[in-house]
Every structure is written in C-alpha cells, then in structure tokens.
Amino acid sequence: MRVRTRAWPLLVACAVGVLWAGGPARAADRSRPASPAPGPAAEPGVGSAAASPPHTGPVPAPAPRADLAFHGHAVIDGDRMEVRLTPRDHGPAAVPEASVRLRWSAGPAGTVALSPGCARTGERTVVCGTGALVAGQAGEEIRLGVRLRVPAPEVTLEVETVWNGGVTDPDRTNDRLRVLVLPTCDEYSF
Numbered sequence: 463m464r465v466r467t468r469a470w471p472l473l474v475a476c477a478v479g480v481l482w483a484g485g486p487a488r489a490a491d492r493s494r495p496a497s498p499a500p501g502p503a504a505e506p507g508v509g510s511a512a513a514s515p516p517h518t519g520p521v522p523a524p525a526p527r528a529d530l531a532f533h534g535h536a537v538i539d540g541d542r543m544e545v546r547l548t549p550r551d552h553g554p555a556a557v558p559e560a561s562v563r564l565r566w567s568a569g570p571a572g573t574v575a576l577s578p579g580c581a582r583t584g585e586r587t588v589v590c591g592t593g594a595l596v597a598g599q600a601g602e603e604i605r606l607g608v609r610l611r612v613p614a615p616e617v618t619l620e621v622e623t624v625w626n627g628g629v630t631d632p633d634r635t636n637d638r639l640r641v642l643v644l645p646t647c648d649e650y651s652f
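In structure tokens form, the structure reads like this:
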C-alpha cells in the first residue's frame, strides 16, 4: 500500500506540469495543428518520413519555354519526293539548337539529297539540325530529295522534334506531324 501512496502524488505532479506547460492553451486553440511529439527521429525508410536537412545549394532555374513548330511542303513526282521544311520558334525564349527527325513510309532507292546539317540515321529516317532559332522568327529552310525505291500510291511523312535545345515546349502539336502525300505532282503543305 505504501508504494501506491507514493506513486499517486507523483502522477498528480506530472499532470499539473503538463497542464501548466501549455495543456489548456492547446485545448482552447484547436485551429492550430499539433506539433510533432518530441522523441527519437525515425530511421530513413522506416515509419514516417525522416526530416531531411535543409537545402543549401542554389535552386535550379526553370527551363526556358519556347514553342517550336515546323511548316513545309512535300511533293511526289513519279519516283522522286521533295521535302522543304522550315523550323520556327514562336517564343518566348530563343532555342540554341534543335533537331528534327523526318521519316517516310516508303524506302528510298540509294542516296538521299540532304541539306547541310542533316544525316541519314536509318533506311527511311533523316535527322537534321535547325541551327539557332530566334524567338518569333523562322529558321533556315531544310531541303530533302528522296528517290523512292518503287513508285508509291502514297507516302506518309512524319516530322518530329527529337531534341529541343533544353527548352520546354508547351505545345507539342505543331512539332509532331504526319503528312499524307500522294503522287499527283501537287505540293502538299503542312
């Protein structure tokens, strides 16, 4: 019985200490979220997330934004297909360099006539650099001449940006195109 008698005053003293240390103030102010309970920090990956040290390095700047677009013309005359493509930067930022891939559905026969800055990367694929693009202006025209292996009733030309110079492009609809070109000697614009 003696042990219980001594424990009771100790429990009362602890309760009074808790109340005096902010218990009633916290009870009255329920609009504030409770602060985490003191105690040992959790190990990383165990239980709740461990506190991470504050970030002391520089915060990276967001990537500049530029809307790349490609417009051009394609024509098939017999077994020969000509493509002219003009890159354009609608801004707001300039693009230091970009690359565009052109792929056609019909395989070429032999060599492909390429503009400077272009390279054949597959049987039916060419990648071309655009050079630096100034915001709000068109870049240099890219020209390709392809002799088709056999005359085709139609050729699908795919145009797509493969590298945008590190900018963020908010509108990818105008730099990913599929154009159906018929062998009518008519120029198809895209």
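All residue numbers for the sequence shown refer to this note's numbering, where the first residue is 463 and numbers rise by one. Ideal Cβ positions, reconstructed from N, Cα and C, are used throughout, including at glycine.
Item                                                                                                       : Value
Cβ-Cβ distance between A536 and P549 below 9 Å                                                             : no
Distance CB(F652)-CB(L644) smaller than 9 Å                                                                : no
D539 versus T618 - alpha carbon distance                                                                   : 15 Å
P524, buried or exposed, once every other Cβ within 10 Å from all chains shown has been counted against 16 : exposed
Under the three-state DSSP convention, the category T635 falls into                                        : helix
C590 versus P613 - alpha carbon distance                                                                   : 25 Å
Length of the line joining the Cα atoms of A503 and P522                                                   : Low confidence applies here, because A503 scores a pLDDT of 49, under 50, leaving its location unreliable and the question unanswered by this model.
Beta strand (DSSP E) segments (min. 3 residues) lying fully within the region 553 to 625                   : 561 to 566, 570 to 576, 580 to 584, 587 to 591, 604 to 610, 617 to 625
C-alpha gap between P570 and R582, whole angstroms                                                         : 11 Å
Three-state secondary structure assigned by DSSP to T630                                                   : strand
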